[in-house]
Amino acid sequence: MSAEIPDWTRGAEGLALARCRACGHVQYVRRPFCPECGSEDLGVERASGRGTVYAVTAVARAPSPDLQAFAPYGLALVDAPEGFRFMAHCPAEGVAIGAPVRTTFRAFGAGLVPFVTPEDQP
């Protein structure tokens, strides 16, 4: 894999993807190889942070006591135009399936998470 691009999993604001140089497959979850063809020749790129909501839900009861202060909060699965799907936090209300969204980043618990909002909202 080529040089790393800092993203939210490493404390930076941004989404990164890996693209296989052998077959073109795009993956969001970092692996040392392409799950399509097995090649280890991967390039890392910055993702646009835009997408379309595939699914959305509201979490009323947090999975741990330290996260309860954030409840209720929303979670969305977002289809990125680069060809991968990612999970992001979102408002508990006002995000609909099929809506175009943009990604920002917010503190959540002890880390940073992607947070999507509809493109038509400030």
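With UniProt numbering, letter number 68 in the sequence shown gets 68, and the count goes up by one each step, no holes. Quick reminder that beta carbons are idealized off the backbone N, C-alpha and C, glycines included.
- With respect to the 8 angstroms criterion, Y73 and V53 are not classified as neighbours on the basis of their beta carbons.
- Per DSSP, the continuous beta strand (DSSP E) segment holding Y54 begins and ends at 50 to 59.
- Taking C-alpha positions only, V56 is separated from D79 by approximately 12 angstroms.
- Between the C-alpha atoms of A12 and G49 there is a straight-line separation of about 13 angstroms.
- Listed in chain order, the non-local C-beta contacts of I5 below 8 angstroms within the same chain comprise G14, A16, V44, E45, R46, local neighbours out to five positions each way being set aside.
- The beta carbon of A62 lies closer than 7 angstroms to those of Q68, F70, A71 in the same chain, with the five residues before and after it left out.
- A contact between stretches requires three or more CB pairs, one per stretch, nearer than 8 angstroms, and the stretch 81 to 89 meets this requirement with the stretch 17 to 33.
- Contact annotation: P118 and G94 have beta-carbon atoms nearer than 8 angstroms.
- Following the DSSP letters along the chain, one finds L77 inside the beta strand (DSSP E) bounded by residues 73 to 79.
- Here V116 is near V101, since their CB atoms are less than 8 angstroms apart.
- Relative to the Cα of C23, the nearest Cα in the group D66, C37, F105, R10 belongs to C37.
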